[in-house]
Amino acid sequence: GRTGLAEYPGIPEEFAAKYRAAGYWIDETFQDFVLDRCDRFADRTALVASSSRDPETGSLATQTWTYADLEDEARRSARTLLDVGVAPGDRVILQLPNTAEYMAYLCGAFLVGALPVFALPKHRASELGHFARKTDAAAHIVCQGAEGFDYLGLYREYADGMRAEGLQPPVLIEASGQVTESEDGVVAILDRPEPLLDLPRPVRNRGAERLSENVAFLQLSGGTTGMSKLIPRTHADYLYSVRASDPICGVDRETRMLVVLPAAHNFTMSSPGILGVLHEGGSLVFAADPSPQTAFSLIEQERVTMASLVPPLLQAWILSAQRRSPDLSSLRTVQVGGAKLAPSVAEKVGPVLGARLQQVFGMAEGLVNYTRDTDPEELVVRTQGVPISPDDELLVVDDDDRPVAEGETGHLLTRGPYTIRGYYLEDKANRFGFTEDGYYRTGDIVRLHPTGHVEVTGRSKDQINRAGEKIAVDEIEDVALSADGVADAVVVGIPDDDLGERVGLVVLPRDDADFGVDPRTWFREWFRERGIAEFKIPERVEIRRDLPLTNVGKISRRHLRTALAEDLAASR
Ligand code: J2J
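Throughout, full-length UniProt numbering is defined as the position within the sequence shown, counted from one, plus 7.
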């Protein structure tokens with residue numbers, strides 16, 4: 008059988024007691040949350056999900072769920088989960104695009120007390136196999152054919168691999184009901200299940216004081232070494248960050264939030280995101296695709312008041328709005344986060360989109376900062392805001408963990424009421440990722456303004472930030488190194504006007520190497536065959552016979568990466 012949730016490094020009791028006493032951690036689980044809000048806001052609109060565009064009128068077809076509908080659909084999904092053998096405490100990989108089914112299964116998993124693992128639709132067999140093994144997942148939920156992709160094929164690929172190793176793969180659930188034949192491990196939902204009325208009794212994790220201090224789900228980290236690490240967030244810590252975010256971001260009952268970024272992202276889920284809207288009884292508007300045209304149509308059609316974007320998407324919106332002057336009169340707030348926003352772009356939000364800009368600097372590990380409504384324009388444009396909680400602790404330190412002088416730049420360390428003290432089942436990595444005092448090493452280089460505002464000035468972690476998607480340099484180097492003709496490989500982030508950064512790969516070939524006429528294509532195939540998500544695949548590949556071998560330690564490797572990044576950027 009599957010084991011329950013293994014022990015993880017929770018927040019020490021002396022801190023936990025403080026966070027309870029301050030009213031941050033309350034005794035509410037996600038099961039309570041779903042049931043309470045769906046009941047309290049029953050007749051209000053929870054969700055408008057858009058799909059195809061009508062070719063004649065140009066308007067977008069939509070599907071609307073009230074909060075009562077959401078509860079009904081969540082209870083049906085909950086029954087499906089139980090029917091396929093998911094038990095409270097089990098992990099379920101949720102890999103759905105921004106659709107109504109995403110909400111049904113998210114809330115369904117919460118109702119049965121299963122822990123969602125927030126995969127992205129763009130992840131492939133390599134990533135899914137890793138999540139399934141690492142979490143011993145009981146189920147994997149997909150929507151066959153979404154974005155033209157064969158998710159059943161993806162499932163078979165990694166599930167066969169697991170069986171060959173003597174492991175039991177998760178059961179596959181096809182959420183849209185399109186798959187009507189059941190094969191080995193693939194569950195088709197032939198009949199729409201009846202809503203589940205008797206919810207299973209939740210189980211308490213070892214070491215958890217209250218049910219709300221259980222781990223509620225596993226969010227993904229961008230990662231710096233190897234595969235994405237999993238982030239165990241508790242009901243109490245996460246719901247605190249959501250509840251406290253709403254007033255800071257002006258989310259209330261009247262909020263109509265456009266969801267364009269992938270729903271599973273931590274930003275989209277919680278800052279204040281999907282959960283912040285459900286908390287208040289507002290409405291979510293799910294975009295069928297991230298194009299400015301679709302977004303603008305939905306803003307007009309659904310009177311959207313708020314949207315959350317990454318900087319490259321904001322740039323696309325600004326360009327498109329300057330050309331088409333859409334009716335954005337309902338739009339009040341545009342949140343931008345996930346990567347550094349250039350002040351020159353930030354300045355255009357007001358004039359071009361007619362909305363207030365809010366910068367968001369957050370991380371799935373916890374800490375989230377927002378610029379505030381009351382901040383002077385200068386700080387909104389140039390900084391990434393101040394933390395949610397008065398009890399978020401921020402330290403800016405030098406390479407030896409000593410605090411830098413006021414206003415100087417340094418490494419950002421943080422701990423607080425909703426920041427993890429360790430990743431899920433990563434004892435070794437946790438020793439480097441956290442200080443002895445339990446501070447998380449963010450890997451971000453920042454400067455604190457006298458007002459307390461954080462300005463992100465750089466990054467020390469071995470990670471590439473491509474349009475807000477994080478890519479661990481090591482993971483990509485390892486896959487490149489596994490190719491026969493590769494003596495060494497260095498992955499670098501190449502600065503890019505459109506995406507912030509792109510992935511570059513520099514290869515030292517073996518003497519007998521043959522990467523064909525176009526190494527970039529050769530490596531693209533290599534990465535694709537290994538089941539690596541497309542956004543991580545190097546977009547630029549250089550073969551260098553003068554590359555020094557780098558297996559001499561981390562420091563020189565980091566220098567080499569920096570030098571090569573500058574080199575590649577200069578020779579664009
Ligand atoms: C510079 N870098 C930023 C910003 C994140 C809200 C918003 C974003 C995320 C997120 C999130 C940045 N300026 N405004 O989880 O709840 C970079 C930093 C950070 C890393 C975290 C949320 N906003 N970053 O992006 O876990 O390097 O979370 O450490 O994906 O993104 O990435 P992630």
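Even for Gly, the Cβ is constructed at its ideal location relative to N, Cα and C.
(message) Is G229 near the ligand J2J - that is, is its Cβ less than 7 Å away from at least one heavy atom of it?
(response) Stepping through the sequence shown from its first residue, residue 229 is reached at position 222. It does: the Cβ of G229 is within 7 Å (strictly closer) of some heavy atom of the ligand J2J.
(request) Specify, as a first and last residue, the run of the beta strand (DSSP E) that H137 falls within. (result) Along the sequence shown, one-based indexing puts residue 137 at 130. Annotation: H137 is outside any beta strand (DSSP E); the continuous alpha helix (DSSP H) that includes it extends over A132 to T142.
(request) Out of R213, V524, L556 and S337, point me to the one whose CA is closest to V548's CA. (result) Translated into positions along the sequence shown, residue 548 becomes position 541. Proximity to V548 across R213, V524, L556 and S337 peaks at V524, based on C-alpha coordinates.
(request) Please determine, among H286, F293 and V284, the residue with the shortest C-alpha to C-alpha distance to A270. (result) Taking the sequence shown and counting its residues from 1, one reaches residue 270 at position 263. Here the closest residue by C-alpha is F293.
(request) From the DSSP output, read off the bridge partner residues of E503. (result) Counting from 1 along the sequence shown, the entry for residue 503 is found at position 496. Going by the sequence as given, residue 503 is Asp instead of Glu. G507.
(message) Less than 8 Å between C-beta atoms, sequence neighbours within five positions excluded: which residues of the same chain meet that for D79?
(response) Taking the sequence shown and counting its residues from 1, one reaches residue 79 at position 72. Within the same chain, P202 come within 8 Å of D79 by CB-CB distance, once the 5 residues on both sides are set aside.
(request) Name the one or two DSSP bridge partners that S304 has. (result) Stepping through the sequence shown from its first residue, residue 304 is reached at position 297. Partner(s): none; S304 has no beta bridge.
(message) For L360, which residues in the same chain have their Cβ closer than 8 Å to its Cβ, ignoring the five residues on either side in sequence?
(response) Your numbering for residue 360 matches position 353 in the sequence shown. These residues qualify, in order along the chain: W324, I325, A328, L335, L338 and V341.
(message) For L335, list the residues DSSP reports as bridge partners.
(response) Here residue 335 refers to the residue found at position 328 of the sequence shown. Answer is none; L335 lacks a bridge partner.
(request) Report the residue from L348, R213 and T416 whose alpha carbon sits nearest the alpha carbon of R473. (result) Locating residue 473 in the sequence shown gives position 466, where the first residue counts as 1. The residue with the shortest Cα to Cα distance from R473 is L348.
(request) Below 8 Å on the Cβ atoms is my guess for L218 versus T36; work out the distance and round it to an integer in Å. (result) Within the sequence shown, residue 218 is the residue found at index 211, counting from 1. Within the sequence shown, residue 36 is the residue found at index 29, counting from 1. The C-beta distance from L218 to T36 rounds to 5 Å, short enough to meet the 8 Å contact threshold.
(message) Give the list of continuous alpha helix (DSSP H) stretches no shorter than 4 residues that lie fully inside the region 224-311.
(response) If only uninterrupted alpha helix (DSSP H) runs of at least 4 residues are considered, those enclosed by the region 224-311 are 242-256, 273-277, 280-287 and 299-309.
(request) Look at the alpha carbon of R47 and the alpha carbon of T312, and state the distance between them as a whole number of angstroms. (result) Numbered from 1 along the sequence shown, position 40 holds the residue referred to as residue 47. Numbered from 1 along the sequence shown, position 305 holds the residue referred to as residue 312. Distance between the alpha carbons of R47 and T312: 22 Å.
(request) Pull up the distance between the alpha-carbon of N273 and that of E372, whole angstroms please. (result) Walking along the sequence shown from the start, residue 273 turns up at place 266. Walking along the sequence shown from the start, residue 372 turns up at place 365. Just so you know, the alpha carbons of N273 and E372 end up roughly 9 Å apart.
(request) Tell whether a beta-carbon distance below 8 Å holds between Q185 and H147. (result) In the sequence shown, the residue the question calls residue 185 occupies position 178. In the sequence shown, the residue the question calls residue 147 occupies position 140. Their beta carbons are not under 8 Å apart, which means Q185 does not touch H147 by this criterion.
(message) Taking a contact to mean a Cβ-Cβ separation below 8 Å, would you say R83 touches R199 in this structure?
(response) Position 76 of the sequence shown, counted from the first residue, corresponds to residue 83. Position 192 of the sequence shown, counted from the first residue, corresponds to residue 199. By the CB criterion at 8 Å, R83 and R199 fall inside the cutoff.
(request) Could you check how far apart the C-beta atoms of E261 and G538 are, in whole angstroms? I think they sit under 8 Å. (result) Sequence index remark: in the sequence shown, residue 261 carries index 254 (1-based). Sequence index remark: in the sequence shown, residue 538 carries index 531 (1-based). Incorrect: roughly 44 Å between the Cβ atoms, too far for contact.
(request) Give me the Cα-Cα distance between T10 and P350, rounded to the nearest whole angstrom. (result) Looking up residue 10 in the sequence shown gives position 3. Looking up residue 350 in the sequence shown gives position 343. Its pLDDT being 47, under 50, T10 is placed unreliably by the model, and the measurement read from it follows with that caveat. Take the alpha-carbon of T10 and the one of P350: they are about 49 Å apart.
(message) Taking contact to mean 3 or more Cβ pairs, one atom from each stretch, closer than 8 Å, check whether the region 162-182 and the region 58-77 are in contact.
(response) Cβ pair count under 8 Å is below three, so no.
(request) Give the straight-line distance between the Cα atoms of P239 and D143, rounded to the nearest whole angstrom. (result) Counting from one through the sequence shown, the residue named residue 239 turns up at place 232. Counting from one through the sequence shown, the residue named residue 143 turns up at place 136. For P239 and D143, the distance between alpha carbons rounds to 15 Å.
(message) Which same chain residues end up closer than 6 Å to V55 when comparing Cβ atoms and leaving out the 5 residues on each side of it in sequence?
(response) What you label residue 55 is simply residue 48 of the sequence shown in a count that begins at 1. Result list for V55: T69, T71, V292 and E309, in chain order.
(request) Could you name the residues of the same chain whose beta carbon sits closer than 6 Å to that of C114, not counting the 5 residues immediately before and after it, in chain order? (result) On the sequence shown, position 107 is the one that residue 114 refers to. Excluding five sequence positions before and after C114, the CB atoms of its chain that fall closer than 6 Å to its own CB belong to V41 and A81, given in chain order.
(request) Hey, could you find the ends of the beta strand (DSSP E) R547 is sitting in? (result) Taking the first residue of the sequence shown as position 1, residue 547 is located at position 540. Unbroken beta strand (DSSP E) run through R547: R547 to I550.
(message) Distance check for M110 and E287, CA to CA, integer angstroms please.
(response) On the sequence shown, position 280 is the one that residue 287 refers to. On the sequence shown, position 103 is the one that residue 110 refers to. Take the alpha-carbon of E287 and the one of M110: they are about 16 Å apart.
(message) Any heavy atom of the ligand J2J inside 7 Å of the beta-carbon of S277?
(response) The sequence position of residue 277 within the sequence shown is 270, counting from 1. True, at least one ligand heavy atom lies under 7 Å from that Cβ.
(request) Measure the C-alpha to C-alpha separation of S133 and L364 and round it to an integer number of angstroms. (result) Here residue 133 refers to the residue found at position 126 when the sequence shown is read from its first residue. Here residue 364 refers to the residue found at position 357 when the sequence shown is read from its first residue. Across the structure, S133 and L364 are spaced so that their CA atoms are roughly 37 Å apart.
(request) Please indicate yes or no: does the CB of M370 lie closer than 7 Å to some heavy atom of the ligand J2J? (result) Residue 370 sits at position 363 when you count from the first residue of the sequence shown. Yes, Cβ of M370 sits closer than 7 Å to a heavy atom of the ligand J2J.
(message) Taking a contact to mean a Cβ-Cβ separation below 8 Å, would you say G344 touches Q366 in this structure?
(response) Your numbering for residue 344 matches position 337 in the sequence shown. Your numbering for residue 366 matches position 359 in the sequence shown. It is a contact, given that the beta carbons lie within the stated cut-off.
(request) Within the same chain, show all residues whose beta-carbon is closer than 6 Å to that of A251, passing over the 5 residues directly before and after it, in chain order. (result) The count along the sequence shown starts at 1 and reaches residue 251 at position 244. Close CB contacts of A251 within its chain, under the 6 Å cut and outside five residues either way in sequence, are with I395 (chain order).
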